[in-house]
Amino acid sequence: MPSPAPVSTAPAVAFQSAYLVGIAFIAALGGYLFGFDFAVISGALPFLRPQFALTAWWEGFLTGSLALGCMAGCLGAGQLADRYGRRPGLLLAAGIFAFSSVAMALAPGLGWFVAARFAAGIGVGMASMLSPLYIAEVSPAAVRGRNVAINQLTIVIGILVTNLVNYALAGHGPEAWRWMFGLGAVPAGLFLLGVLWLPESPRWLAQAGRLAEAEAVLRKMGNDAFVQTTLAGLATPAAAGPKPRFRDVLGTGGRPAVVVGVVLAVFQQFCGINVVFNYTSTIFAAVGADLNRQLLETIGIGVVNLAFTLVAMFLVDKLGRRPLLLFGAAGLAVLYLGLAFLLQTHAAPGLVSAVVLAAIGTYGLSLAPVTWVVISEIFPTRIRGVASSVATVALWGAYFVLVFTFPILAQVIGTYGPFYLYAGICLAGFLFVRAKVKETKGQTLEELEDTFARH
Numbered sequence: 005m006p007s008p009a010p011v012s013t014a015p016a017v018a019f020q021s022a023y024l025v026g027i028a029f030i031a032a033l034g035g036y037l038f039g040f041d042f043a044v045i046s047g048a049l050p051f052l053r054p055q056f057a058l059t060a061w062w063e064g065f066l067t068g069s070l071a072l073g074c075m076a077g078c079l080g081a082g083q084l085a086d087r088y089g090r091r092p093g094l095l096l097a098a099g100i101f102a103f104s105s106v107a108m109a110l111a112p113g114l115g116w117f118v119a120a121r122f123a124a125g126i127g128v129g130m131a132s133m134l135s136p137l138y139i140a141e142v143s144p145a146a147v148r149g150r151n152v153a154i155n156q157l158t159i160v161i162g163i164l165v166t167n168l169v170n171y172a173l174a175g176h177g178p179e180a181w182r183w184m185f186g187l188g189a190v191p192a193g194l195f196l197l198g199v200l201w202l203p204e205s206p207r208w209l210a211q212a213g214r215l216a217e218a219e220a221v222l223r224k225m226g227n228d229a230f231v232q233t234t235l236a237g238l239a240t241p242a243a244a245g246p247k248p249r250f251r252d253v254l255g256t257g258g259r260p261a262v263v264v265g266v267v268l269a270v271f272q273q274f275c276g277i278n279v280v281f282n283y284t285s286t287i288f289a290a291v292g293a294d295l296n297r298q299l300l301e302t303i304g305i306g307v308v309n310l311a312f313t314l315v316a317m318f319l320v321d322k323l324g325r326r327p328l329l330l331f332g333a334a335g336l337a338v339l340y341l342g343l344a345f346l347l348q349t350h351a352a353p354g355l356v357s358a359v360v361l362a363a364i365g366t367y368g369l370s371l372a373p374v375t376w377v378v379i380s381e382i383f384p385t386r387i388r389g390v391a392s393s394v395a396t397v398a399l400w401g402a403y404f405v406l407v408f409t410f411p412i413l414a415q416v417i418g419t420y421g422p423f424y425l426y427a428g429i430c431l432a433g434f435l436f437v438r439a440k441v442k443e444t445k446g447q448t449l450e451e452l453e454d455t456f457a458r459h
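Each position in the sequence shown, counted from 1, maps to that position plus 4 in my numbering.
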């Protein structure tokens, strides 16, 4: 008669889900700032064009100046986060954004406005890198995808709320754009207050050799078994080696993960969807929609984006990252071909709207949240801050190229032309994900270091 299987007497690992979700939402307010600046330009452009007599080149540069600031913010944030911790970087990002929002609202001329938007980009760039990084480091593997996707949720909430505010302000005269930008100081202030309550990342504390502090933070998050299991898996304190530098991210061990992270970051922008977010008015003006219809379309885009992001939060830890990325790339390629044809043939605004919303839903379900999840997961702990910085800089550089070139391309080859190009890029992205991206769901950050080292 076979002997019964041994029964484990070890206590089960348990964590405080509500507390962790609360931490994630506060950290993800950095994503709200991202969403705000992403959306506010779409509603403000119809006012800024006559205000500053914008040419196609200046319209593209004014829109893309945010991305240039984001690149500068990311470059500084990575080293700041690795040297002083994740929390100080988040505090600085909130302060910069609050200041720049007021500066944009008070801008007396184009030069002032572009400089203030560049400064806003520094804050957004820091938050766009540090918020998902922080959330990933405080989240257990079982819920990490969902928690990091909260950052994308706050981005789309920021987009939707900003579009609603833009629509409400649009009838208040040619100076309405000043209120559109100035109101950004409100969420920035709330973010600043929230970050003051956040604990430092226990992974960063352990990496810095501050194990007692790391343990104290972990005890707020879960039971003794959770604390001991997590501490056992954390990296060796940083005293074992020098602080990472930018050239270290291409070291042999981290190179495969960095290549994947950078290519995914660039693809998330070159897939073209942010042209739809930033130039909604241009796209619908091409098929005869008036200003009121153009602003209403931005609200519809925000609603659909929010709905599908909520769905993605529940799917990212169940279906996994890779299937969603493949779906998004393939779906956008097909939808862009349809959108280009409709714009080229001057179809009814209702048909264009249907395809645009389908593209937004596809993106919100896939590339939008999942790219940030993967970037926050795959880099080795020792270089995570700097490597995340490199990937996010690449993302914002691609965003600048995208939004700077669209008005020029639209003027030269028509509004429809760039979408044929974006369809081809999405096909190439599909092939890259299929060949190079490995599944990451359910693995700890430490386990993923081995996964991508073997890439």
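Every residue, glycine too, gets a C-beta built ideally from N, C-alpha and C. Fair warning: this is a prediction, and the values are worked out from it, not measured in the lab.
Return the residue from the list V266, A334, V356 that minimises the CA-CA distance to A432. Within the sequence shown, the letter at position 428 stands for residue 432. A432 has its Cα closest to that of A334, out of V266, A334, V356.
Inspect the beta-carbon positions of G93 and L84 and report whether they are closer than 7 angstroms. Locating residue 93 in the sequence shown gives position 89, where the first residue counts as 1. Locating residue 84 in the sequence shown gives position 80, where the first residue counts as 1. At a Cβ-Cβ threshold of 7 angstroms, G93 and L84 count as neighbours.
Span separating the alpha-carbon of R297 from that of V280: As a first step, residue 297 must be located in the sequence shown, where it is residue number 293. As a first step, residue 280 must be located in the sequence shown, where it is residue number 276. Whole-angstrom Cα-Cα distance: 15 angstroms.
Could you check the C-alpha separation between G149 and A111 for me, to the nearest Å? Here residue 149 refers to the residue found at position 145 of the sequence shown. Here residue 111 refers to the residue found at position 107 of the sequence shown. Distance from the CA of G149 to the CA of A111, rounded to the nearest whole angstrom, comes to 40 angstroms.
Can you name, in chain order, every residue of its own chain whose Cβ lies under 6 angstroms from the Cβ of A395, other than the five neighbours on each side? Looking up residue 395 in the sequence shown gives position 391. Correct list, in chain order: G265, V266, A269, I379.
Between the alpha carbons of N309 and G35, how many angstroms are there, rounded? As a working mapping, residue 309 is identified with position 305 in the sequence shown. As a working mapping, residue 35 is identified with position 31 in the sequence shown. The C-alpha of G35 is placed about 14 angstroms away from the C-alpha of N309.
For D41 and M108, the rounded distance between their alpha carbons: Taking the first residue of the sequence shown as position 1, residue 108 is located at position 104. Taking the first residue of the sequence shown as position 1, residue 41 is located at position 37. Cα to Cα, M108 sits roughly 11 angstroms from D41.
Would you identify the three-state DSSP class for I382, choosing helix, strand or coil? Against the sequence shown, residue 382 aligns to sequence position 378. Coil, per DSSP.
Going by DSSP in three states, Q447 sits in which element: helix, strand or coil? Counting from one through the sequence shown, the residue named residue 447 turns up at place 443. Coil at Q447, not helix or strand.
For A243, is the classification buried or exposed, using 16 other Cβ atoms within 10 angstroms of its Cβ as the cut-off for buried? To locate residue 243, count along the sequence shown from 1; it is residue 239. Reliability of the predicted coordinates at A243 is poor, the pLDDT of 43 falling under 50, and no value is obtained from them.
Alpha carbon of L49 to alpha carbon of T158, nearest angstrom: As a working note, residue 49 is residue 45 in the sequence shown. As a working note, residue 158 is residue 154 in the sequence shown. Near 23 angstroms, if we compare the C-alpha coordinates of T158 and L49.
Tell me whether the region 96 to 106 and the region 125 to 143 touch, counting them as touching only if at least three CB pairs, one residue from each stretch, are closer than 8 angstroms. Contact between the region 96 to 106 and the region 125 to 143 is present, because at least three Cβ pairs lie under 8 angstroms.
Buried or exposed: F195, going by 16 or more other Cβ atoms within 10 Å of its Cβ? Taking the first residue of the sequence shown as position 1, residue 195 is located at position 191. Label assigned to F195: buried.
E179 - containing alpha helix (DSSP H), residue span: As a working note, residue 179 is residue 175 in the sequence shown. Element bounds for E179: n/a, residue is neither H nor E.
Distance check for P206 and I387, CA to CA, integer angstroms please. Residue 387 sits at position 383 when you count from the first residue of the sequence shown. Residue 206 sits at position 202 when you count from the first residue of the sequence shown. If I take the Cα positions, the gap works out to 16 angstroms.
Suppose the cutoff is 7 angstroms on Cβ atoms and the five residues either side in sequence are ignored; what does the same chain contact list for I45 look like? Here residue 45 refers to the residue found at position 41 of the sequence shown. Closer than 7 angstroms at Cβ, skipping near neighbours: T67, N282.
Identify the continuous alpha helix (DSSP H) that holds E204 and give its terminal residues. Taking the sequence shown and counting its residues from 1, one reaches residue 204 at position 200. Counting along the chain, E204 falls outside any alpha helix (DSSP H), and DSSP gives it neither H nor E.
Rounded distance between the beta-carbons of A32 and S135, thought under 8 angstroms: Along the sequence shown, one-based indexing puts residue 135 at 131. Along the sequence shown, one-based indexing puts residue 32 at 28. About 6 angstroms; that satisfies the 8 angstroms criterion.
Three or more C-beta pairs under 8 angstroms: does that hold for the region 353 to 371 against the region 301 to 317? Flag = yes, the region 353 to 371 and the region 301 to 317 touch.
From A28 to I161, what does the alpha carbon distance come to, in whole angstroms? Taking the sequence shown and counting its residues from 1, one reaches residue 28 at position 24. Taking the sequence shown and counting its residues from 1, one reaches residue 161 at position 157. So the two alpha carbons sit approximately 15 angstroms from each other.
With 16 other CB atoms within 10 Å as the buried threshold, where does G113 fall? Sequence index remark: in the sequence shown, residue 113 carries index 109 (1-based). Taking a 10 Å sphere around the C-beta of G113, we find fewer than 16 other C-beta atoms and assign the residue as exposed.
Below 6 angstroms, is the gap between the Cβ of Y88 and the nearest heavy atom of the ligand ATP? As for the ligand ATP, it is missing from this structure, which has no ligand bound.
Grab the span of the alpha helix (DSSP H) containing Y36 for me, first residue to last. Reading the sequence shown from its first residue, position 32 is the one you call residue 36. Following the DSSP letters along the chain, one finds Y36 inside the alpha helix (DSSP H) bounded by residues 33 to 56.
Rounded C-beta distance between L202 and R91? I'm assuming under 8 angstroms. Here residue 202 corresponds to residue number 198 of the sequence shown, with the count starting at 1. Here residue 91 corresponds to residue number 87 of the sequence shown, with the count starting at 1. With 8 angstroms as the limit, L202 and R91 qualify as a contact, their Cβ atoms being about 6 angstroms apart.
If distances are taken between C-alpha atoms only, which option among G82, V169, F185 comes closest to R121? In the sequence shown, the residue the question calls residue 121 occupies position 117. When G82, V169, F185 are compared, the shortest CA-CA separation from R121 is found for F185.
Counting C-beta neighbours from all protein chains within 10 Å, is the total for I417 16 or more, i.e. buried, or is it exposed? Locating residue 417 in the sequence shown gives position 413, counting from the first residue. Residue environment: I417 is assigned as exposed (fewer than 16 neighbouring CB atoms within 10 Å of its CB, all protein chains considered).
Contacting residues, own chain, Cβ-Cβ under 6 angstroms from S69 (five flanking each side not counted): As a first step, residue 69 must be located in the sequence shown, where it is residue number 65. Shown here for S69: same chain residues with a beta carbon closer than 6 angstroms to its own, the five before and five after excluded, namely V118, R121, F122 in chain order.
Under three-state DSSP, which class holds Y403? Within the sequence shown, numbered from 1, the residue matching residue 403 stands at position 399. Helix at Y403.
Environment of M292 [buried if 16+ CB atoms lie within 10 Å]: If you number the sequence shown from 1, residue 292 lands on position 288. Before going further, note that residue 292 is Gly rather than Met in the sequence given. Exposed is the call here.
Of the listed residues G276, K442, L369, nearest to I154 (C-alpha basis): Translated into positions along the sequence shown, residue 154 becomes position 150. By alpha-carbon distance to I154, the top candidate from G276, K442, L369 is L369.
Whose CA, out of V190, G226, V169, lies closest to the CA of A180? Sequence index remark: in the sequence shown, residue 180 carries index 176 (1-based). Considering only alpha carbons, the answer is V169.
Can you list, in chain order, the stretches of the alpha helix (DSSP H) that have 4 or more residues and sit fully within the region 324 to 395? Those alpha helix (DSSP H) runs which fall completely within the region 324 to 395 and span 4+ residues are 325 to 348, 353 to 369, 371 to 381.
Would you please state the rounded distance, in angstroms, between the beta carbons of V356 and L346? I believe it to be under 8 angstroms. Residue mapping note: residue 356 aligns to position 352 of the sequence shown, counting from 1. Residue mapping note: residue 346 aligns to position 342 of the sequence shown, counting from 1. Contact flag correct, Cβ pair sits at about 5 angstroms.
Closest Cα partner of M75 within the set Q415, P411, V405: If you number the sequence shown from 1, residue 75 lands on position 71. Here the closest residue by C-alpha is V405.
Who are the Cβ neighbours of A290 in its own chain at under 7 angstroms, not counting the five residues just before and after it? Here residue 290 is taken as the residue at index 286 of the sequence shown, counted from 1. Here the set comprises L347, T419.
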